[in-house]
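Participant: In this note's numbering, the protein residues as written are 518 to 785. Even for Gly, the Cβ is constructed at its ideal location relative to N, Cα and C.
What follows is the structure in structure tokens.
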């Protein structure tokens with residue numbers, strides 16, 4: 518998912534990028550011979566994946582940018598015209614520039630369930646598209662895609678999803694204005710995105726991410742963070758997804774230990 522200093526939706530635009538539940542249809546487009554080669558030879562197996570979501574926030578005359586990286590272990594399988602992905606999130610990391618920064622405690626991984634979703638090929642087999650997905654964090658919604666997010670921790674829909682004793686999910690924030698101030702923010706968040714995988718080799722896949730995000734602050738360990746309302750812009754042109762093939766039997770510990778070798782250093 519937005520800087521870190523607001524009480525309304527679409528804030529902390531660079532916060533969590535985590536999957537909750539996705540439902541995908543079946544392609545009605547015939548798969549070409551080239552697509553069949555991609556599906557049957559290149560994709561099936563185990564992959565390390567990183568999704569990078571970048572956003573920019575401005576407040577009090579200053580600007581900051583944050584890139585949130587979600588490192589995952591993914592297994593691809595063929596299912597007719599679809600490619601089915603099973604994903605386990607291994608690590609969340611951030612890179613920041615400007616006057617504010619955000620980070621997440623390792624416990625955030627507990628808030629992210631394993632997920633299964635589909636990519637659909639175009640007729641030429643040159644693009645795999647993941648239909649629009651939605652995630653909701655820190656809140657239990659009957660339909661994650663609709664309805665206003667709660668604005669108070671007393672709302673019955675709020676849950677302590679990362680099990681740290683605070684409402685919603687916890688984001689660590691540091692801001693430099695006149696002085697440096699730090700706090701924990703307790704947030705509810707909803708993120709929408711879609712992906713297109715467009716560049717394939719035997720061991721590397723690259724693609725683009727189009728995304729938007731809403732977020733509300735349910736509470737904070739420092740009341741100063743409830744008084745500043747930044748303007749946040751998501752930056753799809755600076756957001757992306759990349760996958761690198763791994764040996765069978767690889768685990769999340771392999772993804773985390775090799776992430777710099779596989780994907781390069783995380784930076785703005």
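Please determine, among 762, 590 and 716, the residue with the shortest C-alpha to C-alpha distance to residue 643.
Facilitator: What you label residue 643 is simply residue 126 of the chain shown in a count that begins at 1. Among 762, 590 and 716, the Cα nearest to that of residue 643 belongs to 716.
Participant: Run the CB neighbour count on residue 682, radius 10 Å, all protein chains shown included, and call it buried at 16 or more, exposed below.
Facilitator: Sequence index remark: in the chain shown, residue 682 carries index 165 (1-based). Residue 682 should be labelled exposed.
Participant: Quick one: Cα of residue 719 to Cα of residue 674, how far?
Facilitator: By 1-based counting over the chain shown, the position of residue 719 is 202. By 1-based counting over the chain shown, the position of residue 674 is 157. Answer to the nearest angstrom: the Cα atoms are 45 angstroms apart.
Participant: Which same chain residues, not among the five before or five after residue 605, have their C-beta less than 7 angstroms away from its C-beta?
Facilitator: Mapped onto the chain shown, residue 605 falls at position 88. Only 589, 590, 631 and 769 meet the Cβ criterion.
Participant: So, for residue 723: in the same chain, excluding its five sequence neighbours on each side, which residues have a beta-carbon less than 6 angstroms away from its beta-carbon?
Facilitator: As a working mapping, residue 723 is identified with position 206 in the chain shown. Correct list, in chain order: 716 and 759.
Participant: Assuming residue 705 and residue 656 make a contact with CB atoms under 8 angstroms, what is their CB distance in whole Å?
Facilitator: Walking along the chain shown from the start, residue 705 turns up at place 188. Walking along the chain shown from the start, residue 656 turns up at place 139. The pair is a contact, with the Cβ atoms about 4 angstroms apart (cut-off 8 angstroms).
Participant: Does the pairing of the segment 558 to 572 with the segment 736 to 743 give three or more beta-carbon distances under 8 angstroms?
Facilitator: Output reads no: the segment 736 to 743 does not touch the segment 558 to 572.
Participant: Mind checking residue 708: buried by the 16 CB within 10 Å criterion, or exposed?
Facilitator: Within the chain shown, the letter at position 191 stands for residue 708. Residue 708 is buried by the Cβ-count criterion.
Participant: Could you say which of 595, 582, 729 and 748 lies nearest to residue 611 if we only look at CA atoms?
Facilitator: Within the chain shown, numbered from 1, the residue matching residue 611 stands at position 94. Residue 611 has its Cα closest to that of 582, out of 595, 582, 729 and 748.
Participant: In whole angstroms, what is the alpha-carbon distance linking residue 729 and residue 647?
Facilitator: Here residue 729 corresponds to residue number 212 of the chain shown, with the count starting at 1. Here residue 647 corresponds to residue number 130 of the chain shown, with the count starting at 1. C-alpha separation (whole angstroms): 15 angstroms.
Participant: Three-state secondary structure (DSSP) at residue 750?
Facilitator: Position 233 of the chain shown, counting from 1, holds the residue named residue 750. Note: residue 750 maps to strand in three-state DSSP.
Participant: Note down, in chain order, each residue of its chain lying with its Cβ closer than 6 angstroms to the Cβ of residue 592, except the 5 sequence neighbours on either side.
Facilitator: Here the question's residue 592 lines up with position 75 in the chain shown. Around residue 592: 563 and 603.
Participant: Which residues bound the alpha helix (DSSP H) around residue 567?
Facilitator: To locate residue 567, count along the chain shown from 1; it is residue 50. Segment 562 to 576 is the beta strand (DSSP E) holding residue 567; no alpha helix (DSSP H) there.
Participant: Using only the alpha-carbon positions, how far apart do residue 573 and residue 692 sit?
Facilitator: Start at 1 with the first residue of the chain shown, and residue 573 comes out as number 56. Start at 1 with the first residue of the chain shown, and residue 692 comes out as number 175. For residue 573 and residue 692, the distance between alpha carbons rounds to 14 angstroms.
Participant: Apart from the five residues just before and just after residue 679, which ones in its own chain have a Cβ nearer than 7 angstroms to its Cβ?
Facilitator: Taking the chain shown and counting its residues from 1, one reaches residue 679 at position 162. Hits under 7 angstroms: 624, 625, 627, 628, 686 and 687.
Participant: Rounded C-beta distance between residue 607 and residue 713? I'm assuming under 8 angstroms.
Facilitator: Translated into the one-based positions of the chain shown, residue 607 becomes position 90. Translated into the one-based positions of the chain shown, residue 713 becomes position 196. With 8 angstroms as the limit, residue 607 and residue 713 do not qualify as a contact, their Cβ atoms being about 23 angstroms apart.
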